[in-house]
Amino acid sequence: KEVAELLKMREKPLKVPLLITASKAVKALSDALGYSEVIERYNGKIIADSCLIVSPVEKWYKGIATNSGKASFYFSSAGLKVRLENTEKLILEAP
Numbered sequence: 012k013e014v015a016e017l018l019k020m021r022e023k024p025l026k027v028p029l030l031i032t033a034s035k036a037v038k039a040l041s042d043a044l045g046y047s048e049v050i051e052r053y054n055g056k057i058i059a060d061s062c063l064i065v066s067p068v069e070k071w072y073k074g075i076a077t078n079s080g081k082a083s084f085y086f087s088s089a090g091l092k093v094r095l096e097n098t099e100k101l102i103l104e105a106p
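In the numbering used here, the protein residues as written are 12 to 106.
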């Protein structure tokens, strides 16, 4: 809900992809409440029951922004440039 509302505040799609990881149950709830549709309209995607840390993100991107301290540590260990910030700032200030 928070992400969908922040994206609507932007009034324009993100120029960079927004990848959100969540449990299958949270993804289903987001779908049912219409939040997934809003997130996808703004160039976002909810990935269920997975974690980007186990994917080859360093082959796809040179840098990543996250609101997770754990993800920040792992991504920087993989050689990515990392921006650690709160969700609101990341979404509202993203290109």
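Positions of the beta carbon are idealized from the N, C-alpha and C atoms, including for glycine.
Would you mind stating whether A105 and L25 have Cβ atoms separated by less than 8 Å? yes
Outcome for I58 when other beta-carbon atoms lying within 10 angstroms are tallied against a minimum of 16: exposed
V27 in three-state terms, based on DSSP: coil
Can you list, in chain order, the residues of its chain whose CB lies under 6 Å from that of S47, leaving out five sequence neighbours each side? S41 and I57
For G74, which of helix, strand or coil comes out of DSSP? strand
Residue nearest to E96 in terms of C-alpha spacing, selected from A76, A82, D60 and K81: A76
Under 8 Å Cβ to Cβ from V27, same chain only, skipping five residues before and after it: list those, please. N54, A105 and P106
Spatial neighbours of L44 within its chain, please: C-beta separation below 8 Å, excluding the five flanking residues on both sides. K12
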